[in-house]
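Residue numbers (our numbering), protein chains in the order written: chain A, 12 to 224; chain B, 12 to 224.
Data first, discussion second: the structure below is written as structure tokens.
Number of protein chains: 2
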Amino acid sequence: MTSAATTATTAPEEPGRRLSSDERRAQIILAALTVFGSRGYEGATTDQVARAAGVSQPYVVRLFGTKEKLFLATLEFGLDRLLGVFREALAASDEGGERPAGKRIGEAYIDLIEVRGLHQTLAHAYLLGSNPAIGAAARQGFARVWRFFRDEMGLDADEARVFLAEGMLISTMIGLRIVDDYGSDTQITELFRACFPNKLPHVLEVLPRSEPL
Amino acid sequence: MTSAATTATTAPEEPGRRLSSDERRAQIILAALTVFGSRGYEGATTDQVARAAGVSQPYVVRLFGTKEKLFLATLEFGLDRLLGVFREALAASDEGGERPAGKRIGEAYIDLIEVRGLHQTLAHAYLLGSNPAIGAAARQGFARVWRFFRDEMGLDADEARVFLAEGMLISTMIGLRIVDDYGSDTQITELFRACFPNKLPHVLEVLPRSEPL
DNA sequence: GTCTATACTGAGATAGAC
DNA sequence: GTCTATCTCAGTATAGAC
Chain A
12 MTSAATTATT
22 APEEPGRRLS
32 SDERRAQIIL
42 AALTVFGSRG
52 YEGATTDQVA
62 RAAGVSQPYV
72 VRLFGTKEKL
82 FLATLEFGLD
92 RLLGVFREAL
102 AASDEGGERP
112 AGKRIGEAYI
122 DLIEVRGLHQ
132 TLAHAYLLGS
142 NPAIGAAARQ
152 GFARVWRFFR
162 DEMGLDADEA
172 RVFLAEGMLI
182 STMIGLRIVD
192 DYGSDTQITE
202 LFRACFPNKL
212 PHVLEVLPRS
222 EPL
Chain B
12 MTSAATTATT
22 APEEPGRRLS
32 SDERRAQIIL
42 AALTVFGSRG
52 YEGATTDQVA
62 RAAGVSQPYV
72 VRLFGTKEKL
82 FLATLEFGLD
92 RLLGVFREAL
102 AASDEGGERP
112 AGKRIGEAYI
122 DLIEVRGLHQ
132 TLAHAYLLGS
142 NPAIGAAARQ
152 GFARVWRFFR
162 DEMGLDADEA
172 RVFLAEGMLI
182 STMIGLRIVD
192 DYGSDTQITE
202 LFRACFPNKL
212 PHVLEVLPRS
222 EPL
């Protein structure tokens, strides 16, 4: 449990190699996403993040300054990634009217489960409105998403609200980990099904791989 | 800061009076709702709950056993209360077709901001799916709500999903505390407005009273 | 039923070596 | 760029008095 390779969440790396601090930062943020995602900001420890990233706890603090700054960096990464895939999906072709922008973006959102902990970390951040630093960042981030729907995607306020709402529900279902109670494809509840129209198989394949840590 | 009356979140009580342990439990759960709501399960401390309730920290632990059990009790209280007001709203009369059940229940959900921290505490619980005890309780609780929509209210799976989604968005907006960045009635954003159709004035009146602690 | 005092532990952060 | 050792404090839980 001391070697990087053993516990690393991220892609395999050549064992003996020394990474640039930017590479490490990126790697740690990926790990932080999974840890913050499952335990939340306060519940997560910098040590858990460090282990998941295969580095020592003090080094995580060294690179990011404080746990709070680490969380803020992780949140920003998550939001950038989210808006990144949304923009890609928006720009993608319509395939002859079969996949309108709304559908593409909805699916892109669900596909983000591949980036483990992203949905949950954002959702946790959104709940921390009372926290001075994190709350402010969360509101800003949420506003960015809202503006994407309104300005870039061109939805009206009502359509945007519905979109956002479905997104929040999906995040909730992921955070709840209904998979844990109902096993694999057979017993999954109607409740869970109803949340992932046409994406269920994919979700069922990916979610159980997201270790609770 | 030692007297009960000074810091109590809940209703004024006669200073010198000794409460039954059930009364205390109820009072502490109310306080716990606000504290867990703003800081989350891990972020909240039993001491903050104790202060908010006007009792000593060890006594909170004494009454509930552990912080986890306190959270579970608080979660259950919140869910009971939620389903309670939903059932009331469902049973209420239609007022000549002006307020169908869906609308009444939606409004009842928003009116629950009066029970400070309820929405946020539930939302926090829903995100803790990876936690053995809390995750299981949260899934159970979420399923109860789902069944209310399906069985008692008679919605089909799709309608129920839409309902739940709007609810998750509303909880998110409350947790985000957009009020904090945009002050009172004047500067409130479109984003916030869009989430509380016809309920904005009420929300704007209550939310700012919910102290961040 | 409720408090004060306190034991114990876990976790963030710092110092300093390599 | 990264580690080990360690300080320090906050927070849960226990003991025991009133």
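Cβ atoms here follow ideal geometry from the backbone N, Cα and C, with glycine treated the same way.
As the structure is a computational prediction, the values presented were derived from the model and not from experiment.
Short Cβ contact (8 Å threshold) for residue i with residue j
i, j, result
"A/Arg127", "A/Gly48", "yes"
"B/Leu205", "A/Ala134", "Here residue 205 of chain B turns out to be Ala, not Leu, going by the sequence shown. Not closer than 8 Å, so no."
"B/Gly186", "B/Gln131", "yes"
"B/Ile116", "B/Val214", "no"
"A/Phe97", "A/Ile40", "no"
"B/Met184", "A/Thr183", "no"
"A/Ala154", "A/Gly140", "no"
"A/Ala102", "A/Ala119", "no"
"A/Ala147", "A/Glu79", "no"
"B/Glu177", "A/Ala112", "no"
Contact with chain A by residue i, beta-carbon distance below 8 Å
i, result
"B/Phe153", "yes"
"B/Glu201", "yes"
"B/Gly54", "yes"
"B/Thr183", "yes"
"B/Met179", "yes"
"B/Arg150", "yes"
"B/Arg35", "no"
"B/Ile116", "no"
"B/Gly2", "As displayed, chain B neither begins before 12 nor continues past 224, which places residue 2 of chain B out of reach and without an answer."
"B/Gly51", "yes"
"B/Ile189", "yes"
"B/Ala168", "yes"
"B/Ala176", "yes"
"B/Ala100", "no"
"B/Gly186", "yes"
"B/Ala134", "yes"
Same chain, Cβ closer than 7 Å to residue i, neighbours up to 5 away in sequence not counted
i, result
"A/Phe75", "Leu81 and Ala84"
"A/Ala19", "Note that A/Ala19 has pLDDT 43, beneath the 50 cutoff, so the model's placement of it is unreliable and the number below is only indicative. If we look at A/Ala19 and ignore the five residues flanking it on each side, its Cβ neighbours are Ala64 and Gly65."
"A/Gln68", "Thr57, Asp58 and Ala61"
"B/Leu166", "Phe160 and Phe174"
Closer than 8 Å to chain B by CB, residue i
i, result
"A/Tyr137", "yes"
"A/Gln131", "yes"
"A/Ser141", "yes"
Other residues of its chain near residue i: CB distance less than 8 Å, five sequence neighbours each side excluded
i, result
"B/Arg36", "Leu74, Phe75 and Ala84"
"B/Ile121", "Ile181, Phe207, Lys210, His213 and Val214"
"A/Leu218", "Ile124, Ile185, Arg188 and Val190"
"B/Leu94", "Arg155, Val156 and Phe159"
"B/Leu129", "Leu44, Gly48, Gly89, Arg92, Leu93 and Leu123"
"B/Tyr193", "Ile199, Thr200 and Phe203"
Sequence-distant residues of its chain with Cβ nearer than 6 Å to residue i (five each side left out)
i, result
"A/Gly51", "His135"
Checklist entry - Along the chain, which unbroken stretches of the alpha helix (DSSP H) at least 4 residues long are found entirely within the segment 23-52 of chain B? => result none
Item to check | Segments assigned alpha helix (DSSP H), at least 4 residues, entirely inside the segment 48-89 of chain B | outcome: 57-64 and 68-75
Next on the checklist: Quick check for students: name the residue ranges of the alpha helix (DSSP H) that lie wholly in the segment 140-199 of chain B, counting only runs of 4 or more.
Outcome noted: Listed in chain order, the alpha helix (DSSP H) runs fully inside the segment 140-199 of chain B are 143-158, 168-187 and 190-193, counting runs of at least 4 residues.
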